[in-house]
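All remarks here apply to the structure that follows.
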Amino acid sequence: MSKRDYYEVLGVGRDASEREIKKAYKRLAMKFHPDRNPGDAKAEASFKEVKEAYEILTDGDKKAAYDQFGHAGVDPNRQGGFGGGQGDFGDIFGDVFGDIFGGGRRGGGQRQAARGSDLRYNLELSLEEAVRGLTKEIRIPTLASCDSCNGSGAKKGTQATTCGTCHGQGQVQMRQGFFAVQQACPTCHGRGKIIKDPCNKCHGEGRVEKSKTLSVKIPAGVDTGDRIRLSGEGEAGEFGAPAGDLYVQVSVREHAIFVRDGNNLYCEVPISFSKAALGGEIEVPTLDGKVSLKIPTETQTGRMFRLRGKGVKSVRSHAVGDLMCKVVMETPVNLNERQKELLREFESTVNESKKHSPKADGFFDGVKKFFQDLNS
C-alpha cells in the first residue's frame, strides 16, 4: 500500500513553516493519541502516520530529501532512487565518506544557516530585590544581525548568487572508480550561494558585534540558581537564521541579617539576661519592617520563635514562608563595680537552690557520676 503525502497527512501546504507543521502535528496527535482512543486500531494507525510525517518534515535533511525525491528519498530500505545503476550504490557510500572528507549532509541539499548561539548573563540581586521582584536593565555584548544588509551579508542593493560549482546544492560529488564521495562544496562551503559583493559593514558575515540593553522582569521570590529565559535575545543566526536565547542566571548576595532557606528566613536576635529571665517584648526585623515579639519568662538562649507569613512568597506558587527568630542571650560587658556587686549578690542567692539552674545542675551531676564510674 503506497504511503500518503506527508504534507497531506498533516494538512499543511508545501510552503508551511516549521511552526505551522508543529502546530498541525500537536492538534492531530491529540486527536488520534491511543490514550484518547483505547482499542481503536484505526486511530492508532493514524497516530503513527502523523508522527512519521512530523519527524520527516521537521528534520532539515530528511525534509530536503523528501521534497526532492518523495518517499524514496527517506526510505531507509531503498537501494536506489537517484537514477539507478552504479550511481545509486556510490551515493550510499557518499553519505558516509562525505561526513569524513568535507562535512556533507545526508539527504543532499545545501547546508542550512546555523541558529544563533545561546547566551548567559549572571545577574546578582540583593535579598530584598529577589523577594519583592523588580525590572532590571542589563547590557550584553552579542552578535546582532547587520542592519546595513539585513543579515544577508551582501552589499545593499545586491544579493547572493547561486554557486556555479554546485549549482545551489551545497555539495559536490567526487567519483573515484566504483565509489562516489559527496562533500561540502569548496566554493560556497555548503551554503549553495556566493556573495560576490559583500556588505562593507559586516564584510559578508551578516552579523556584527554589538552591545544591547534589555529590560528584564524579575519575578518576586526568585533565588540563587533560578534562570530566566529571554527567547530570541541571544546571538543572531547566520544569514537570517533564527537568533539564540538569552538565559539570565540569578544569584542572591548574602544578607547582613537574614539567611534564606527555601521560602523561610532565619535570623538571630540578641536579648539581655534580664529579658530572658523575666520575659517581655522585643522588636525584631522583618523585610516589611519591625514587629513585636513576646518573650516568655525563663526563655533559654537558642530558643526559636516562628513568625508565620513573614518569609518569602514562592516564585512558583502562592505559598509564603515564615520568619524563624532564634534568640541568643547576650552577656553584659563593661560592667561598673556596682553592677558587678549586684551580680555577685544575685549569684549567691541562686546557688542556694538547684531549681534555678536545672540544666547546669543536671550536667554537673552527670559529670560527677561519670568520674565515679570511671574510678570504680
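Residue numbers for the sequence shown follow our numbering, so the first one is 818 and each next one is one higher.
Glycine residues also receive a C-beta, built at the ideal position from the N, C-alpha and C atoms.
Given residue i as reference, the closest of the options once Cα atoms are compared
i, options, result
"G1079", "S934, I838, M1141, R937", "M1141"
"K1034", "Q1066, G1007, R1024, H1006", "Q1066"
"Y1083", "F1090, E1055, G1126", "G1126"
"C963", "L1095, G1054, E866", "G1054"
"R1046", "R1024, E1158, G985, R937", "R937"
"L940", "G933, L951, A931, R932", "L951"
"D1062", "P855, C1016, A961", "A961"
"K972", "G1023, Q990, V998, P1003", "G1023"
"S1134", "P1003, R932, P1036", "P1036"
"C1016", "C966, F1090, L845", "C966"
"R1123", "D1139, T1148, Q1117, K820", "D1139"
"Y824", "K880, D852, S943, H850", "K880"
"L1152", "V1145, L1160, M1146", "L1160"
"A1136", "A860, A1093, N1081", "N1081"
"G987", "V998, R1008, T975, I1112", "R1008"
"K1027", "E1098, R853, E1050", "E1050"
"L845", "E869, G856, D832, R831", "E869"
"K1107", "R831, K1013, I1074, S943", "I1074"
"G985", "P1113, I1012, T975", "I1012"
"D935", "P1059, P1113, P1003", "P1059"
"T1114", "V1129, S1131, S1089, G1128", "S1089"
"K1111", "V1144, A862, K865", "V1144"
"V826", "E861, R853, E866, H850", "E866"
"V1076", "F1056, T1041, S1091, S1048", "T1041"
"Y1064", "G1057, S1048, F1056", "S1048"
"C1005", "C983, D1014, H1020", "C983"
Assigned exposure category for residue i - 16 Cβ within 10 Å defines buried
i, result
"T1166", "exposed"
"Q1000", "buried"
"Q1156", "exposed"
"E1052", "buried"
"V815", "Past the boundaries of the shown model lies residue 815; the chain is included only from 818 to 1193, so the question cannot be answered."
"V1150", "exposed"
"F1163", "exposed"
"Q1117", "exposed"
"S969", "buried"
"A858", "exposed"
"G890", "buried"
"I989", "In the sequence under discussion, the amino acid at residue 989 is Val, which differs from the Ile named in the question. Counting Cβ neighbours within 10 Å, V989 comes out buried, since at least 16 surround it."
"L944", "buried"
"A1093", "buried"
"L1095", "exposed"
"K820", "exposed"
"K1010", "buried"
"A862", "exposed"
"G787", "This structure cannot settle anything about residue 787, because the visible part of the chain is limited to 818 through 1193."
Where residue i sits in the DSSP three-state scheme
i, result
"L1095", "helix"
"S1032", "strand"
"F1122", "strand"
"K820", "coil"
"A1058", "coil"
"E1050", "coil"
"V867", "helix"
"M862", "It should be noted that the sequence gives Ala, not Met, for residue 862. A862: helix per DSSP, three-state reduction."
"N854", "coil"
"E1071", "coil"
"N1017", "coil"
"L1140", "strand"
"A997", "strand"
"L1152", "coil"
"Q1117", "coil"
"R836", "helix"
"D1078", "strand"
"S790", "Outside the modelled stretch of the chain, which goes from 818 to 1193, sits residue 790, for which no answer is possible."
"S934", "coil"
"S1109", "strand"
"L1063", "strand"
"L942", "strand"
"V1167", "helix"
"V891", "helix"
"R1133", "coil"
"E1022", "coil"
"G898", "Its pLDDT being 36, under 50, G898 is placed unreliably in this model, and the coordinates cannot settle the point."
"F1101", "Per the sequence presented here, residue 1101 reads as Val, with Phe not at that position. V1101 falls in the strand class under three-state DSSP."
"K1127", "coil"
"V1145", "strand"
"I1012", "coil"
"T831", "According to the sequence shown, residue 831 is Arg rather than Thr. The answer is coil: DSSP assigns R831 none of H, G, I, E or B."
Exercise for the section: Would you be able to state if there are at least three C-beta pairs under 8 Å between the stretch 952-959 and the stretch 1028-1048? Expected result: yes
Handout entry: Whole beta strand (DSSP E) elements within the stretch 948-990, 3-residue minimum
Key = For the stretch 948-990, whole beta strand (DSSP E) runs of length 3 or above, ordered along the chain, are 951-962.
Exercise for the section: May I ask you to verify whether the stretch 836-856 touches the stretch 883-893, counting CB pairs closer than 8 Å and requiring at least 3? Expected result: Output reads no: the stretch 883-893 does not touch the stretch 836-856.
Practice task
Check whether the stretch 971-987 touches the stretch 1092-1105, taking contact to mean three or more Cβ pairs, one atom from each stretch, closer than 8 Å.
Solution key: no
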